[in-house]
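Residue numbers (numbering that gives the first Met the number 0), protein chains in the order written: chain P, 0 to 379; chain Z, 0 to 345. One structure below.
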Amino acid sequence: MKYADEFRDKEIALGLANAIQSEADPQRPYRFMEFCGGHTHAISRYGLEDMLPKNVRMIHGPGCPVCVLPAGRIDMAIRLAERPEIIFCVYGDLMRVPGSQGASLLKAKAKGADIRMVYSTIDALRIAEENPQRQIVFFAIGFETTTPPTAVMIRLAEKKQLANFSVFCNHVLTPPAMQNILESPDIRNIGRVEIDGFVGPAHVSTIIGTAPYEFFAEEFGKPVVISGFEPLDMMQAILMLVRQVNENRHEVENQYSRAVKRDGNLRAKEEVSDIFELRDQFEWRGLGQVPYSGLKLKRAFAKYDAEARFDMKELRVADNPACECGAILRGVKKPVDCKLFGTVCTPETPIGSCMVSSEGACAAHWTYGRFRDHQQRRAS
Amino acid sequence: MKAHQRKLDIKNGCVDLSHGSGGRAMAQLISGLFHSAFGNEWLARGNDQSAFDVAAGRMVMTTDGYVVSPLFFPGGNIGSLAVHGTVNDIAMAGARPLYLSASFIIEEGFRFSDLKMIAESMGEAARAAGVHIITGDTKVVERGKADGLFISTAGVGVVPDGLDLSAEKARVGDRVLISGTLGDHGVAIMSKRQNLAFETEIVSDSASLHDLVAKMVTAGGEGIRLMRDPTRGGLAAALNEIAQQSGLGFRVQEEAIPVKPGVAAACELLGLDPLYVANEGKLVAIVAPEAAAAVLATMRAHPLGCDAADIGEAVADDHHFVQMATSFGGGRIVDWLSGEQLPRIC
Numbered sequence: 000m001k002y003a004d005e006f007r008d009k010e011i012a013l014g015l016a017n018a019i020q021s022e023a024d025p026q027r028p029y030r031f032m033e034f035c036g037g038h039t040h041a042i043s044r045y046g047l048e049d050m051l052p053k054n055v056r057m058i059h060g061p062g063c064p065v066c067v068l069p070a071g072r073i074d075m076a077i078r079l080a081e082r083p084e085i086i087f088c089v090y091g092d093l094m095r096v097p098g099s100q101g102a103s104l105l106k107a108k109a110k111g112a113d114i115r116m117v118y119s120t121i122d123a124l125r126i127a128e129e130n131p132q133r134q135i136v137f138f139a140i141g142f143e144t145t146t147p148p149t150a151v152m153i154r155l156a157e158k159k160q161l162a163n164f165s166v167f168c169n170h171v172l173t174p175p176a177m178q179n180i181l182e183s184p185d186i187r188n189i190g191r192v193e194i195d196g197f198v199g200p201a202h203v204s205t206i207i208g209t210a211p212y213e214f215f216a217e218e219f220g221k222p223v224v225i226s227g228f229e230p231l232d233m234m235q236a237i238l239m240l241v242r243q244v245n246e247n248r249h250e251v252e253n254q255y256s257r258a259v260k261r262d263g264n265l266r267a268k269e270e271v272s273d274i275f276e277l278r279d280q281f282e283w284r285g286l287g288q289v290p291y292s293g294l295k296l297k298r299a300f301a302k303y304d305a306e307a308r309f310d311m312k313e314l315r316v317a318d319n320p321a322c323e324c325g326a327i328l329r330g331v332k333k334p335v336d337c338k339l340f341g342t343v344c345t346p347e348t349p350i351g352s353c354m355v356s357s358e359g360a361c362a363a364h365w366t367y368g369r370f371r372d373h374q375q376r377r378a379s
Numbered sequence: 000m001k002a003h004q005r006k007l008d009i010k011n012g013c014v015d016l017s018h019g020s021g022g023r024a025m026a027q028l029i030s031g032l033f034h035s036a037f038g039n040e041w042l043a044r045g046n047d048q049s050a051f052d053v054a055a056g057r058m059v060m061t062t063d064g065y066v067v068s069p070l071f072f073p074g075g076n077i078g079s080l081a082v083h084g085t086v087n088d089i090a091m092a093g094a095r096p097l098y099l100s101a102s103f104i105i106e107e108g109f110r111f112s113d114l115k116m117i118a119e120s121m122g123e124a125a126r127a128a129g130v131h132i133i134t135g136d137t138k139v140v141e142r143g144k145a146d147g148l149f150i151s152t153a154g155v156g157v158v159p160d161g162l163d164l165s166a167e168k169a170r171v172g173d174r175v176l177i178s179g180t181l182g183d184h185g186v187a188i189m190s191k192r193q194n195l196a197f198e199t200e201i202v203s204d205s206a207s208l209h210d211l212v213a214k215m216v217t218a219g220g221e222g223i224r225l226m227r228d229p230t231r232g233g234l235a236a237a238l239n240e241i242a243q244q245s246g247l248g249f250r251v252q253e254e255a256i257p258v259k260p261g262v263a264a265a266c267e268l269l270g271l272d273p274l275y276v277a278n279e280g281k282l283v284a285i286v287a288p289e290a291a292a293a294v295l296a297t298m299r300a301h302p303l304g305c306d307a308a309d310i311g312e313a314v315a316d317d318h319h320f321v322q323m324a325t326s327f328g329g330g331r332i333v334d335w336l337s338g339e340q341l342p343r344i345c
């Protein structure tokens, strides 16, 4: 596969693994959080943990837009989708995300809601054009990467004067969530967060650039390396983080220089800021309310805002008190430290955010890595 | 006086409720379309069932339902798929497939021309596999109550004397052989859904494997412990199933698992894992180590096994994990799929 195989070369990987091994000081721990679920997926899928020294530990952060969507927002989506006049368009991996009491869009579809899986925003727009007598709502979700396509879609809907199209906006932002991990009031209850550096999400930075992380690195004294999603990208980013820690630096470095610039994609940023504005608060599954971390449509585009058009009421559902996601997302605990892990909470019946999509910390460990728990138990 | 009955207008006509009513229209559909496509002495007798002779040996029987969408895909259609799938279920027992039944649930409005094409490809697939479709059933349901056409089949075959393939025969150290590239069928189907267009046309691997199986059995004899066709859930589901049934674990090498570049690229794009994608012309065989080389050579000499590979081994594991050494140098589990494999957004 051109442009992919080059970043999966075993020999280069071994070279990087050796470099990490020889440069990491065996006397100290290195705890790096990969914020993005795409990174978590790559680490699990390629078994990168096996290639790192024992004292270099990856902590799987909250960065999967599907995982972090709270149950209340799913309940709101289901209520909307159940309205007979609505065709509800969603990305496939949202279908199984649990709302309250085990409800999901997949179950709502089975009960008769007209829910359609789409692969792009353009599919949703096409459905709106083909069904002028129905109301089409697109379930917009994702970080900074998927926000520009939603913005473009709203522009197109306006240009085509589509009166039957709106967006249920759930776009969220990465920098405020990263900040929340280190300074949320929850930390008093959870315990000390021990993170020595962050692997920053490259796809997000193709849009926002590396600059927004500079404040973060400076303020919290934590190195950030923006990394691509191929396994070699990850290994190189980890080596760069080890070097920053060893040299007592805390800078933003760009491993993904093939696509990321300091200022990002100016046109995309402009389009997003024209159409969206910050919400004061947005709830993240596992993290709770995170100030200024979500987007909503500006008043000028209210007619495309499903929450306004259908007078949607905000629904709140409390997380299961036994669930340790808050601590796991902050690296304070590991998936196996949670009593629910692998018992009542599995990928088939997820309770907490970390198990919701395949990119969550617990789901990734359950699906790809739990054989290591048995190996460790045997070894001890 | 013989009642006048207009001929089926195959070119422009379509199935209506009368074609499932048990009356003359249904008889005309069956004789004019299905019998001519499947044509054999058993059907010609026109009974509601067929009596048939069998050779000595143990019988195997299977049943299956086909609800594929779209009905026509690169490399086949629901008809040929129904024959291949049923033949393969029989062949995985090492059996020689003999007879099939076919039941059609047709949605009102389904075009005769499409039905004819599907029936003819069923007939062709059956003749190529040396099996006969000797009994069947036709139902027509109202528009909106079926997705065009559903086909249910049953099949019987005979296992040669002395052959008994079964998961509990697997032993630690046995080799895991796969007959070719993974994921071709699932990706071919997906490429025609949701208007996904790929630069390279990916063709389904839908095929009857009975001949390949017969040659493998000759080459491997009792060394072949069991075989399984990795259909829905792909190789991952097949190996997890065998691990549970045999009480063993498996360790496979990602580098050894054959996947076509086009299929790998499509899966990458959609966020799917080819290990979980369906196949309709592939088999997994668990083979004793001393027989593995001969069986693999036989597979590779067959057109349906030319990309066959030895991908790993059976290991002792109380947890029955299917573990994989990744091509990158790490390790992971290949777990059961949780629900349906859905494209990821990032």
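Quick reminder that beta carbons are idealized off the backbone N, C-alpha and C, glycines included. A quick note: this is a predicted structure, and the numbers were derived from the prediction, not measured.
Residue burial annotation: R266 of chain P is exposed, with fewer than 16 other C-beta atoms found within 10 angstroms of its C-beta. Counting along the chain, no alpha helix (DSSP H) covers T134 of chain Z; the unbroken beta strand (DSSP E) around it starts and ends at H131 to V140.
Using a Cβ-Cβ cut-off of 9 Å, S326 of chain Z is close to R7, K9 and Y45 of chain P, given in chain order. In chain P, no part has a C-beta under 8 Å from the C-beta of H319 of chain Z; the shortest such distance is about 11 Å.
Under the 10 Å beta carbon count, S205 of chain Z is surrounded by 16 or more other beta carbons and is classified as buried. About 6 Å separates the CB atoms of M121 of chain Z and A81 of chain Z; that is less than 8 Å, so the two are in contact. The three-state reading of DSSP puts N245 of chain P in helix, counting H, G and I together. Within chain P, no residue has its CB atom less than 7 Å from the CB of R250 of chain Z, the nearest being about 10 Å off.
Within the stretch 174-222 of chain P, the complete beta strand (DSSP E) segments at least 3 residues long are 196-200, listed from N- to C-terminus. H59 of chain P has a beta carbon lying at 8 Å or more from every beta carbon in chain Z. Taking CB atoms only, H170 of chain P has no neighbour in chain Z less than 8 Å away. Using a 10 angstroms sphere on the CB of G330 of chain Z, the tally of other CB atoms reaches 16 or more, which defines it as buried. If you check the CB distance, F214 of chain P and M177 of chain P do not come in under 8 Å. In this structure, S100 of chain Z sits near T134 of chain Z, with a CB-CB distance shorter than 8 Å. Residues of chain Z with a Cβ closer than 7 Å to the Cβ of H373 of chain P are, in chain order, H318. The DSSP-derived three-state label of P96 of chain Z is strand.
Contacts between L328 of chain P and chain Z, judged by CB atoms closer than 8 Å, are missing: the closest CB pair is about 17 Å apart.
Cα atoms of V192 of chain P and G304 of chain Z: separation of roughly 54 Å, rounded to the nearest angstrom.
Using beta-carbon distances, M239 of chain P does not count as an interface residue toward chain Z, since no partner is under 8 Å.
The Cβ-Cβ distance between L181 of chain Z and V276 of chain Z falls below 8 Å. At least one C-beta of chain P is nearer than 8 Å to the C-beta of R331 of chain Z. For A24 of chain Z, the uninterrupted alpha helix (DSSP H) segment begins and ends at R23 to L28. Using beta-carbon distances, S337 of chain Z counts as an interface residue toward chain P, with a partner under 8 Å.
Not flagged as an interface residue toward chain Z: F340 of chain P, since no C-beta distance is shorter than 8 Å. Shortest Cα-Cα distance from G368 of chain P to any of P:H40, P:C35 and P:P28 involves P:H40.
At a beta-carbon threshold of 8 Å, the residues of chain Z lying near T366 of chain P are I332, D334 and S337, ordered along the chain.
When DSSP states are grouped into helix, strand and coil, V343 of chain P belongs to the coil group.
Contact between P257 of chain Z and G179 of chain Z holds: their C-beta atoms lie close to 6 Å from each other, under 8 Å. The stretch 82-89 of chain Z makes contact with the stretch 277-287 of chain Z; the number of CB pairs closer than 8 Å reaches 3 or more.
The C-alpha of L172 of chain P is placed about 11 Å away from the C-alpha of I140 of chain P. Looking at the backbone, the Cα of H38 of chain P and that of P200 of chain P are separated by about 8 Å.
Using a Cβ distance threshold of 8 Å, G325 of chain P and L286 of chain P count as a contacting pair. M58 of chain Z and V158 of chain Z have their C-alpha atoms roughly 6 Å apart. As the crow flies, the alpha-carbon of S21 of chain P is around 30 Å from that of C361 of chain P. Cα atoms of A76 of chain P and H318 of chain Z: separation of roughly 39 Å, rounded to the nearest angstrom. For Q20 of chain P, the enclosing alpha helix (DSSP H) starts and ends at K9 to E22.
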